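Inspection log for the structure reproduced underneath, given as C-alpha coordinates.
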Amino acid sequence: MTALDATDRNILRLLRLDARMSNARLAAEVGLSPSACLRRIKIMEKTGVIRGYTALLDTSNADAMIAVIINITLERQTEDYLDRFEAAVRRHPEIRECFLMTGGSDYLLRVEVANAGEFERIHKEILSALPGVLRIHSSFSIRNVLATRTKGRR
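For reference, each letter of the sequence shown is one residue, going 1 to 154 in UniProt numbering.
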(Lines of atoms letter the chains of each structure in order from A and count residues from 1; the text may use other names and numbers.)
(Lines give C-alpha, C1' and ligand atoms only; values in the text may rest on other atoms or scores of the structure.)
Protein backbone atom coordinates (compact mmCIF):
# COMPACT_ATOMS: atom_id res chain seq x y z
CA MET A 1 0.00 0.00 0.00
CA THR A 2 1.69 3.18 -1.15
CA ALA A 3 -0.66 5.85 0.17
CA LEU A 4 -3.74 6.01 2.33
CA ASP A 5 -6.84 7.48 0.77
CA ALA A 6 -9.66 9.28 2.57
CA THR A 7 -11.53 6.02 3.20
CA ASP A 8 -8.45 4.38 4.77
CA ARG A 9 -7.93 7.42 6.99
CA ASN A 10 -11.59 7.30 8.01
CA ILE A 11 -11.27 3.58 8.88
CA LEU A 12 -8.21 4.36 11.01
CA ARG A 13 -9.98 7.23 12.75
CA LEU A 14 -12.93 5.02 13.66
CA LEU A 15 -10.70 2.14 14.81
CA ARG A 16 -8.80 4.55 17.08
CA LEU A 17 -12.11 5.46 18.72
CA ASP A 18 -13.33 1.86 19.00
CA ALA A 19 -11.10 -0.96 17.75
CA ARG A 20 -13.74 -3.50 18.79
CA MET A 21 -16.34 -2.03 16.43
CA SER A 22 -17.80 -4.78 14.26
CA ASN A 23 -16.62 -4.89 10.68
CA ALA A 24 -20.22 -4.56 9.49
CA ARG A 25 -20.73 -1.34 11.47
CA LEU A 26 -17.34 0.02 10.42
CA ALA A 27 -18.08 -0.73 6.77
CA ALA A 28 -21.45 1.01 6.99
CA GLU A 29 -19.89 4.09 8.59
CA VAL A 30 -17.25 4.45 5.87
CA GLY A 31 -19.56 3.54 3.00
CA LEU A 32 -18.03 0.20 1.96
CA SER A 33 -19.22 -3.36 1.78
CA PRO A 34 -18.07 -5.47 4.73
CA SER A 35 -15.73 -7.50 2.50
CA ALA A 36 -14.11 -4.39 0.98
CA CYS A 37 -13.68 -2.84 4.43
CA LEU A 38 -12.11 -6.01 5.84
CA ARG A 39 -9.79 -6.24 2.83
CA ARG A 40 -8.55 -2.69 3.46
CA ILE A 41 -7.97 -3.44 7.17
CA LYS A 42 -6.02 -6.61 6.33
CA ILE A 43 -3.84 -4.68 3.86
CA MET A 44 -3.14 -2.00 6.48
CA GLU A 45 -2.26 -4.71 9.02
CA LYS A 46 0.00 -6.53 6.55
CA THR A 47 1.84 -3.36 5.51
CA GLY A 48 2.31 -2.23 9.11
CA VAL A 49 0.03 0.79 9.01
CA ILE A 50 -1.95 -0.98 11.74
CA ARG A 51 0.62 -2.54 14.07
CA GLY A 52 -1.79 -3.97 16.62
CA TYR A 53 -4.70 -3.38 18.93
CA THR A 54 -4.67 -2.58 22.62
CA ALA A 55 -6.91 -2.13 25.64
CA LEU A 56 -7.19 1.24 27.36
CA LEU A 57 -7.28 0.82 31.11
CA ASP A 58 -9.21 2.89 33.63
CA THR A 59 -6.60 5.12 35.23
CA SER A 60 -8.89 6.45 37.95
CA ASN A 61 -8.35 3.55 40.33
CA ALA A 62 -5.70 3.44 43.05
CA ASP A 63 -3.63 0.75 41.28
CA ALA A 64 -3.18 2.87 38.15
CA MET A 65 0.31 3.54 36.89
CA ILE A 66 1.62 7.08 36.51
CA ALA A 67 3.09 8.00 33.14
CA VAL A 68 6.32 9.94 33.37
CA ILE A 69 7.49 11.88 30.32
CA ILE A 70 11.25 12.35 30.25
CA ASN A 71 13.23 14.72 28.03
CA ILE A 72 16.84 13.65 27.54
CA THR A 73 19.59 15.89 26.21
CA LEU A 74 22.80 14.19 25.12
CA GLU A 75 26.30 15.62 25.48
CA ARG A 76 26.71 15.36 21.70
CA GLN A 77 24.47 14.48 18.76
CA THR A 78 26.93 12.38 16.81
CA GLU A 79 25.89 9.10 15.24
CA ASP A 80 27.99 7.20 17.78
CA TYR A 81 26.30 8.93 20.75
CA LEU A 82 22.83 8.37 19.29
CA ASP A 83 23.54 4.69 18.53
CA ARG A 84 24.98 3.97 22.00
CA PHE A 85 22.07 5.72 23.71
CA GLU A 86 19.42 3.90 21.65
CA ALA A 87 21.09 0.51 22.17
CA ALA A 88 21.11 1.11 25.94
CA VAL A 89 17.45 2.19 25.99
CA ARG A 90 16.43 -1.03 24.19
CA ARG A 91 17.88 -3.06 27.10
CA HIS A 92 15.44 -1.55 29.63
CA PRO A 93 11.81 -2.71 29.38
CA GLU A 94 10.89 -0.08 31.98
CA ILE A 95 11.23 2.46 29.17
CA ARG A 96 7.95 2.03 27.28
CA GLU A 97 8.59 4.50 24.46
CA CYS A 98 11.57 6.41 23.13
CA PHE A 99 11.39 9.07 20.43
CA LEU A 100 14.27 10.87 18.72
CA MET A 101 13.17 14.50 18.74
CA THR A 102 13.83 17.88 17.19
CA GLY A 103 13.82 21.00 19.31
CA GLY A 104 15.01 21.49 22.88
CA SER A 105 15.85 17.90 23.78
CA ASP A 106 17.25 14.95 21.87
CA TYR A 107 14.92 12.19 23.10
CA LEU A 108 11.51 11.91 24.69
CA LEU A 109 10.97 8.80 26.82
CA ARG A 110 7.87 7.46 28.56
CA VAL A 111 7.94 5.21 31.59
CA GLU A 112 5.12 4.06 33.84
CA VAL A 113 5.54 3.87 37.61
CA ALA A 114 3.36 3.12 40.61
CA ASN A 115 4.78 5.97 42.69
CA ALA A 116 7.56 8.53 43.02
CA GLY A 117 9.80 6.03 44.82
CA GLU A 118 9.72 3.67 41.87
CA PHE A 119 10.60 6.54 39.55
CA GLU A 120 13.50 7.50 41.82
CA ARG A 121 14.90 3.98 41.40
CA ILE A 122 14.51 4.13 37.61
CA HIS A 123 16.12 7.57 37.56
CA LYS A 124 19.12 6.45 39.64
CA GLU A 125 19.67 2.98 38.18
CA ILE A 126 18.68 3.44 34.55
CA LEU A 127 18.26 7.00 33.29
CA SER A 128 21.35 8.42 34.97
CA ALA A 129 23.42 5.51 33.69
CA LEU A 130 22.43 5.86 30.03
CA PRO A 131 25.48 6.71 27.91
CA GLY A 132 26.05 10.30 26.85
CA VAL A 133 23.27 11.87 28.93
CA LEU A 134 23.86 15.54 29.73
CA ARG A 135 20.43 16.50 31.12
CA ILE A 136 17.27 14.70 32.29
CA HIS A 137 13.98 16.59 32.66
CA SER A 138 11.00 14.59 33.94
CA SER A 139 7.30 15.43 34.16
CA PHE A 140 4.63 13.33 35.89
CA SER A 141 1.30 13.04 34.09
CA ILE A 142 -1.96 13.92 35.81
CA ARG A 143 -4.24 12.06 33.42
CA ASN A 144 -4.34 10.82 29.83
CA VAL A 145 -6.99 12.97 28.20
CA LEU A 146 -7.43 10.72 25.16
CA ALA A 147 -7.71 7.54 27.23
CA THR A 148 -10.53 9.05 29.25
CA ARG A 149 -12.65 10.46 26.44
CA THR A 150 -16.28 9.53 26.60
CA LYS A 151 -17.74 7.03 24.18
CA GLY A 152 -19.57 8.51 21.26
CA ARG A 153 -17.37 11.61 20.96
CA ARG A 154 -15.42 11.87 17.75
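Ideal Cβ positions, reconstructed from N, Cα and C, are used throughout, including at glycine.
The structure displayed is predicted, hence computed values, not measured ones.
Beta-carbon spacing of residue 72, residue 109 below 8 Å: yes
Return the chain-ordered list of same chain residues with a C-beta closer than 6 Å to the C-beta of residue 79, the five sequence neighbours on each side being excluded. none
Check each candidate in 69, 68 and 77 and name the one with the smallest Cα separation from residue 102. 77
Near residue 97, which residues of its chain fall below 6 Å by C-beta distance, leaving aside the five closest residues on each side in sequence? 110
With distance defined between alpha-carbon atoms, name the residue in 74, 81 and 8 nearest to residue 134. 74
Classify residue 181: buried if its beta carbon has 16 or more other beta carbons within 10 angstroms, exposed otherwise. What the structure shows of the chain is the stretch from 1 to 154, and residue 181 is not part of that stretch, so it cannot be assessed.
Could you check what DSSP says for residue 4 in three-state terms: helix, strand or coil? coil
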